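Sequential numbering from 46 applies to the sequence shown in my numbering.
Note that beta-carbon positions come from the ideal geometry of N, C-alpha and C, so glycine has one too.
Quantities reported herein were computed from a predicted structural model and do not represent experimental measurements.
Inspection log for the structure reproduced underneath, given as structure tokens.
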Amino acid sequence: MSKSTALRKSLPRHVPETLVVHEIYESVQGESSFVGVPCTFVRLTGCNLRCRWCDTEHAFYEGTRRPWREVLADALTHATPLVELTGGEPLLQPAALPLMTALADAGRTVLLETSGERDIGAVDPRVHRIVDLKAPGSGEVARNHWDNVAHLGQRDEVKFVLADRADYEWARAVIREHDLAARAGHVLLSAVFGSLDPKDLVAWMLEDRVPARFQLQVHKHVWPAAARGV
Ligand code: SF4
């Protein structure tokens with residue numbers, strides 16, 4: 046039995062045929078270990094969190110309901126090496142699961158950006174799951190689904206977006222307590238744009254020898270205004 050066949054058998058029985066899509070566009074990866082690589086973004090509509098520093102509030106509501114197979118065909122017209130499902134929160138829509146499996150079946154490297162509030166256990170194991178852990182400064186720390194830590198593997202990345210020194214100290218403790226550097230392929234720390242000076246974050250990481258990787262949100266430097274579709 047192939048991996049994808051096994052996965053299809055493990056999917057919930059009544060996966061809807063449609064999902065609500067906010068936008069599909071090409072750009073380069075702005076974050077993660079794939080930063081700078083050309084990527085097709087499939088941004089799904091809706092999020093059940095309200096992070097204080099959220100920069101994609103436009104994706105909360107606006108979108109078009111489409112069959113997921115049509116979304117698949119649309120995404121595959123873009124000849125980029127990467128395809129990423131993002132949001133909003135993609136895992137709020139069950140049809141995101143077969144869509145990711147079909148993209149992997151088509152030979153694409155598939156990335157999933159998820160808030161860390163949803164269970165990631167049913168996601169196709171070929172997908173690179175980029176899982177947020179929400180720090181206190183986000184206002185959503187209580188929503189972290191801590192059971193996700195047990196699902197993490199070397200293909201996955203854990204991301205912390207930090208607003209201040211208190212967020213950094215929280216992340217540093219979580220990384221150590223859960224041994225995240227060993228569990229996941231990458232642990233990523235980034236500063237909330239305009240809130241925490243990236244120079245301070247780098248200095249703290251070096252001082253504390255935190256086993257993590259600093260990252261800048263590249264798209265905010267390439268397109269500093271509130272551009273969409275980038
Ligand atoms: S989880 Fe992501 S999309 Fe949702 S509010 Fe937070 S930053 Fe915005």
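- For G133, the distance from the CB to the nearest heavy atom of the ligand SF4 is below 6 Å.
- Straight through space, the alpha carbons of D201 and Y70 are spaced by roughly 23 Å.
- Inclusion of L94 in the 6 Å shell around the ligand SF4 follows from its C-beta lying nearer than that to a non-hydrogen atom of the ligand.
- The DSSP-derived three-state label of P112 is strand.
- Sequence-distant Cβ neighbours of L117 in its own chain, meaning closer than 8 Å and more than five residues away, are L144, A147, L148, A151.
- Apart from the 5 residues on each side of it in sequence, F79 sits with its Cβ closer than 7 Å to the Cβ of L127, L156 in its chain, given in chain order.
- Inclusion of L94 and E158 in the CB contact set at 7 Å is not warranted, their separation being larger than that value.
- CA-CA distance, E134 to A257, rounds to 24 Å.
- In this structure, Q260 places its C-beta atom within 7 Å of the C-beta atom of E76.
- Annotated three-state conformation of D224 is coil, per DSSP.
- R88 has E68, T131 as its beta-bridge partners, per DSSP.
- In the three-state scheme derived from DSSP, where H, G and I count as helix and E and B as strand, V172 is classed as coil.
- Under the DSSP assignment, T101 falls outside any beta strand (DSSP E); it carries neither an H nor an E label.
- For A229, no beta strand (DSSP E) encloses it, and the DSSP letter there is neither H nor E.
- When only Cα atoms are considered, M250 and T63 end up about 43 Å apart.
- Of the residues V247, G182, L178, the one whose Cα lies closest to the Cα of W191 is L178.
- Cβ contact annotation for A140 (same chain, cutoff 8 Å, sequence separation greater than five): V60, P61, E62, T63, L64, W113, in chain order.
- A straight line joining the alpha-carbon of D245 with that of D100 spans about 22 Å.
- A direct Cα-Cα distance of roughly 30 Å separates R88 from H223.
- Closest in C-alpha terms to G91, from the list G132, H123, E68, comes G132.
- A Cβ-Cβ distance of about 6 Å is found for the pair L207 and L241, placing them in contact under the 8 Å criterion.
- Annotation for V203: the continuous beta strand (DSSP E) segment containing it runs 202 to 207.
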